[in-house]
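As structure tokens, the structure follows; a few thoughts come after it.
Number of protein chains: 2
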Amino acid sequence: MILVHHLRVGRSVFTVWLLEELGLDYELKLYDRLDTGRAPPSLKDAHPLGKSPVIEIDIAGERLTLAESGAIASVLVEHFDPAHVFAPPRSDEAAFAKWTNWLHYPEGSGVLPLIFKLLTSRAGEPVNPIVDAFTQGELDLHLGYLNDILSAQNYVCGDIFQAPDVGVTFLAQMAMGLELLADYPGIASYLQKNMSRPAFSRAVEKTGG
Amino acid sequence: MILVHHLRVGRSVFTVWLLEELGLDYELKLYDRLDTGRAPPSLKDAHPLGKSPVIEIDIAGERLTLAESGAIASVLVEHFDPAHVFAPPRSDEAAFAKWTNWLHYPEGSGVLPLIFKLLTSRAGEPVNPIVDAFTQGELDLHLGYLNDILSAQNYVCGDIFQAPDVGVTFLAQMAMGLELLADYPGIASYLQKNMSRPAFSRAVEKTGG
Numbered sequence: 001m002i003l004v005h006h007l008r009v010g011r012s013v014f015t016v017w018l019l020e021e022l023g024l025d026y027e028l029k030l031y032d033r034l035d036t037g038r039a040p041p042s043l044k045d046a047h048p049l050g051k052s053p054v055i056e057i058d059i060a061g062e063r064l065t066l067a068e069s070g071a072i073a074s075v076l077v078e079h080f081d082p083a084h085v086f087a088p089p090r091s092d093e094a095a096f097a098k099w100t101n102w103l104h105y106p107e108g109s110g111v112l113p114l115i116f117k118l119l120t121s122r123a124g125e126p127v128n129p130i131v132d133a134f135t136q137g138e139l140d141l142h143l144g145y146l147n148d149i150l151s152a153q154n155y156v157c158g159d160i161f162q163a164p165d166v167g168v169t170f171l172a173q174m175a176m177g178l179e180l181l182a183d184y185p186g187i188a189s190y191l192q193k194n195m196s197r198p199a200f201s202r203a204v205e206k207t208g209g
Numbered sequence: 001m002i003l004v005h006h007l008r009v010g011r012s013v014f015t016v017w018l019l020e021e022l023g024l025d026y027e028l029k030l031y032d033r034l035d036t037g038r039a040p041p042s043l044k045d046a047h048p049l050g051k052s053p054v055i056e057i058d059i060a061g062e063r064l065t066l067a068e069s070g071a072i073a074s075v076l077v078e079h080f081d082p083a084h085v086f087a088p089p090r091s092d093e094a095a096f097a098k099w100t101n102w103l104h105y106p107e108g109s110g111v112l113p114l115i116f117k118l119l120t121s122r123a124g125e126p127v128n129p130i131v132d133a134f135t136q137g138e139l140d141l142h143l144g145y146l147n148d149i150l151s152a153q154n155y156v157c158g159d160i161f162q163a164p165d166v167g168v169t170f171l172a173q174m175a176m177g178l179e180l181l182a183d184y185p186g187i188a189s190y191l192q193k194n195m196s197r198p199a200f201s202r203a204v205e206k207t208g209g
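Just so you know, the sequences run in chain order R and W. Residues 1 to 209, numbered by this note's numbering, are exactly what the first sequence covers, in order. Residues 1 to 209, numbered by this note's numbering, are exactly what the second sequence covers, in order.
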């Protein structure tokens, strides 16, 4: 049985969402944030980095602990999506390579300016001219890029919802929470569409967000 | 022929390093940073995000543009490492899942506090108590984590240099540049060892760093 270490409210709801999309059974171990907003120290028992999501999963008879959202998605799809609903088959080499690029995008590039914005918002802006200019420039760049794509097609890989959309929806939700989507209707409608999926609702309900 | 859009001095030398490790032919298109340290606008002709590395590659007869370091590594190994030197075969499912987690780690988790540190260093520290405390806490966590692992084994996946070591070496080099490695001898010796590889030297020589 897959065990998900879920810190609430937090991004691991997106991993649970993918599990729900795949129709998998899993157990949840729930952790609540401290009053400071940080993760409780008990999450370090699940993984030394004390982060979430972390999943424990049996692969080929070995119990593995995986702690990177993109890697978790990759492993889940590799093992539990035999009908290739959430990823193209590897034999479709060009489509699979593009899918792989999108799977890496949310954490590889997209999330950085959003985390900067989140942190500097908490700190009370403006923080510093260099930090603030970098953050704003990167936000404009990435949100504009995503908005262009999501205004031209339904999902990041084309017209079908696939695993990378889970990570990109996480970015979109974070941008919405930071009140950044007023000028990006393509992202806003994409977010709305994806949050309307029954599997997303089940994930929120079962985790508490 | 693979075309690498390389911004110097910059992280795309690590993509070139992997190409050298794989013994692949490739062309380099070199870009120099502006006086401000930012990338020149011409990089946006390669990819709308104007970042580097970006590679153009023919996969199954289609010319693809890939812009995420982890995805580029994944695609290169998938297509050009038939002897499984830089990744375990997919049939070794548990090893491949662990390899995947490490492939995502550098950009998924590891680089964030280093970029915060780089930016706040440029801004002149201290920037802000909340931002600075977050940055220092995350640096201690990730550098301590990597140092523990790299003090106990030669490479992140065990005793053999594999593709995820390219990304982790990038983190180590960034940490060294920020003068953060004095208390982390395991990372420092790992960096030294990997930078001594002939393929790394060739990548630096061909790109100009």
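Built from N, CA and C at the ideal position, the CB exists for glycine as well.
Beta-carbon separation (whole angstroms), residue i vs residue j, contact threshold 8 Å
i	j	result
Val13/W	Thr169/W	At roughly 10 Å, the Cβ-Cβ gap does not stay under 8 Å, so Val13/W and Thr169/W are not in contact.
Ala67/R	His47/R	5 Å
Leu49/W	Tyr145/R	6 Å
Glu138/R	Pro113/R	4 Å
Ser69/R	Gly167/R	6 Å
Val4/W	Ile55/W	5 Å
Tyr26/R	Ile2/R	4 Å
Leu171/R	Pro106/R	5 Å
Leu143/R	Ile187/R	7 Å
Ala71/W	Asn101/R	4 Å
Trp99/R	Ala83/R	With 8 Å as the limit, Trp99/R and Ala83/R do not qualify as a contact, their Cβ atoms being about 15 Å apart.
Where the alpha helix (DSSP H) through residue i begins and ends
i	result
Tyr145/R	Pro129 to Ala152
Tyr105/W	Glu93 to Tyr105
His5/W	Careful: His5/W lies outside any alpha helix (DSSP H), inside the beta strand (DSSP E) at Ile2 to Arg8.
Asp58/W	Segment Val54 to Ile59 is the beta strand (DSSP E) holding Asp58/W; no alpha helix (DSSP H) there.
Phe116/W	Val111 to Ala123
Thr271/W	The question about residue 271/W has no answer here: the residues shown for chain W are numbered 1 through 209.
Leu22/W	Ser12 to Leu22
Any C-beta of chain R under 9 Å from that of residue i
i	result
His142/W	yes
Thr169/W	no
Arg90/W	yes
Val127/W	yes
Asn101/W	yes
Ala175/W	no
Glu56/W	no
His79/W	yes
Gly209/W	no
Phe116/W	yes
Opening and closing residue of the beta strand (DSSP E) in which residue i lies
i	result
Tyr26/W	Tyr26 to Asp32
Thr65/W	Glu62 to Leu66
Three-state class that DSSP yields for residue i in the structure shown
i	result
Ile187/R	helix
Ile72/W	helix
Gly158/W	strand
Val271/R	An answer regarding residue 271/R cannot be provided, because it is not within the stretch 1 to 209 covered by chain R.
Leu180/R	coil
Thr207/W	helix
Leu49/W	coil
Ser196/W	coil
Gly37/W	coil
Arg202/W	helix
Chain W within 9 Å of residue i, Cβ atoms only
i	result
Asp183/R	no
Pro48/R	yes
His104/R	yes
Thr120/R	yes
Val156/R	no
Asp45/R	no
Val131/R	yes
Ile187/R	no
Ile2/R	no
Leu180/R	no
Gly124/R	yes
Gly10/R	no
Tyr145/R	yes
Phe134/R	yes
heavy atom of the ligand FMN below 8 Å from residue i C-beta
i	result
Leu114/W	Summarising the ligand content, the structure contains no ligands, and the ligand FMN is consequently not present.
Task: Inter-stretch contact at 8 Å, needing at least 3 Cβ pairs: the stretch 115-125 of chain W / the stretch 158-168 of chain W - done: Under the three-pair Cβ rule at 8 Å, the stretch 115-125 of chain W does not count as touching the stretch 158-168 of chain W.
- [ ] Take every Cβ of the stretch 12-30 of chain R, pair it with every Cβ of the stretch 77-97 of chain R, and state whether three or more of those distances are shorter than 8 Å.
- [x] Contact holds: three or more Cβ-Cβ distances are below 8 Å.
TODO: Using a Cβ-Cβ cut-off of less than 8 Å, list which residues of the stretch 190-201 of chain R approach chain A; keep chain order.
DONE: The question asks about chain A, but that chain is absent: this structure's protein chains are R and W.
- [ ] May I ask you to verify whether the stretch 178-193 of chain R touches the stretch 147-161 of chain R, counting CB pairs closer than 8 Å and requiring at least 3?
- [x] The stretch 178-193 of chain R, when compared against the stretch 147-161 of chain R, does touch it at the 8 Å Cβ threshold.
Task: Validate contact between the stretch 183-203 of chain R and the stretch 2-18 of chain R using beta carbons, cut 8 Å, 3 pairs - done: Between the stretch 183-203 of chain R and the stretch 2-18 of chain R there are three or more inter-stretch CB-CB distances shorter than 8 Å, so the stretches are counted as touching.
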